[in-house]
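Before any comments, here is the structure.
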């Protein structure tokens, strides 16, 4: 049974980079929308800042590596976190495919009392979901079930994932 | 998405003012320019840190993240070591150069002719010399 689908977020995507998220069919919301709902009350300015940065990436700069905190996943899986404001500790996990395509997942607030994301159940759950999704996408790219468009701004192919796969 | 309702993303995008977005754009574009200047010089974060006499590499990472609100002092230092102007202090507006296309009707003695438009200085000088010669020859007759 299909549970998730990669969807392009047109409000944030531009000529420099496409921003995708994961639509959860059960909740009828994307992971990015869920992230906003979870954090908008406690971390409003930080959440707004992260969304504003995604819009800049889509329209002005592209997803340059320097904007992301890397090594947040397994080596080479592209899982990273968008840098937030200097005083903030709100993590938005993404999978980055070069400068032209990112998948925005979920995340949450990382308490200053922990050093590794694995110490926080919520962060670990969001991060490890993206690790599994990244591995699945890589597998589908190898099997030619998923391809990149000629301009590298879009995924083409089977973008739906079942509960059993993830 | 929630049917017939604005998504959480749509709502938050409505809250971002053009001024806020412009500030985010500026911070991220400036960070990109600094990274490009480093690349042009073949510098990594450590080399920039040393050139600036800094001791904390995470400070450079923060600068490049596009979240940092730079001071004039820092931008002046960066401009010096990276040999790029990150603060444009030029005074006044440059005047645009005007370009003219000149067409001249000439009388060769027997008929009027309309040469093609002339807009290059060298072509114009040659053209004037030729016309003066023609006029001189005409008056001689």
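Residue numbers (this note's numbering), protein chains in the order written: chain A, 168 to 333; chain B, 7 to 147.
For each residue, glycine too, the CB sits at the ideal point set by N, CA and C.
Note that this is a predicted model, so its numbers are computed, not measured.
Within chain A, the residues that residue 90(B) reaches when beta carbons sit closer than 8 angstroms: Neighbours of residue 90(B) on chain A: none; closest Cβ ~16 angstroms, over 8 angstroms.
Residues of the stretch 227-239 of chain A with Cβ closer than 7 angstroms to any Cβ of chain B, in chain order: 227, 228, 231, 233 and 234
Give me whichever residues DSSP pairs with residue 174(A) in a beta bridge. 188(A)
So which of 109(B), 72(B) and 45(B) has the shortest CA-CA distance to residue 229(A)? 72(B)
Taking the alpha carbon of residue 93(B) as the reference point, which residue from 116(B), 49(B) and 76(B) has its own alpha carbon closest? Selection 116(B), 49(B) and 76(B) evaluated against residue 93(B) yields 76(B) as nearest (Cα-Cα).
Spell out whether any CB of chain A is found under 8 angstroms from the CB atom of residue 80(B). no
Just checking, does the stretch 183-200 of chain A make contact with the stretch 219-233 of chain A on the three C-beta pairs under 8 angstroms criterion? When Cβ pairs closer than 8 angstroms are counted between the two stretches, the stretch 183-200 of chain A is seen to touch the stretch 219-233 of chain A, the count reaching three or more.
Which first and last residues belong to the alpha helix (DSSP H) in which residue 65(B) is found? 63-70
For residue 16(B), collect the residues of the same chain with a Cβ closer than 6 angstroms to its Cβ; drop the 5 residues on either side in sequence, then sort them by chain order. none
Quick check: what's the CA-CA separation for residue 254(A) versus residue 107(B)? 59 angstroms
So for residue 12(B), helix, strand or coil by DSSP? Secondary structure at residue 12(B): coil, using DSSP grouped into helix, strand and coil.
Whole-Å CB distance - residue 296(A) paired with residue 272(A), under 8 angstroms assumed: Contact between residue 296(A) and residue 272(A) is confirmed by a C-beta separation of about 7 angstroms, below the 8 angstroms threshold.
For the stretch 263-282 of chain A, list every residue whose C-beta sits within 7 angstroms of some C-beta in chain B, in sequence order. none
Buried versus exposed, by CB contacts within 10 Å (16 or more), residue 258(A): buried
Would you verify that the beta carbon of residue 152(B) is, or is not, closer than 8 angstroms to some beta carbon of chain A? Since the first residue shown for chain B is 7 and the last is 147, residue 152(B) is missing from the structure and cannot be characterised.
For residue 281(A), three-class secondary structure by DSSP: coil
Look up residue 198(A) in the DSSP assignment and say whether it is helix, strand or coil. helix
Enclosing alpha helix (DSSP H) for residue 78(B) [first to last residue]: 78-88
Using the Cα positions of residue 247(A) and residue 237(A), report the straight-line distance between them to the nearest angstrom. 5 angstroms
Look at the alpha carbon of residue 306(A) and the alpha carbon of residue 42(B), and state the distance between them as a whole number of angstroms. 34 angstroms
Report yes or no: is there a C-beta of chain A within less than 8 angstroms of the C-beta of residue 77(B)? For residue 77(B), the nearest beta carbon of chain A is not closer than 8 angstroms to its own beta carbon.
Contact set for residue 278(A): own chain, Cβ-Cβ below 8 angstroms, skip 5 residues either direction: 256 and 287
Quick one: what's residue 313(A) bridged to in DSSP? In the DSSP output, where bridge partners are listed per residue, residue 313(A) has 324(A).
Distance between beta carbons of residue 260(A) and residue 294(A), contact taken as under 8 angstroms: Residue 260(A) and residue 294(A) do touch by the CB rule: their CB atoms are close to 5 angstroms apart, below 8 angstroms.
From the beta carbon of residue 8(B), is the nearest beta carbon of chain A less than 8 angstroms away? Caution is warranted here: a pLDDT of 48 is assigned to residue 8(B), below 50, making its placement in the model unreliable, and no coordinate value can be reported.
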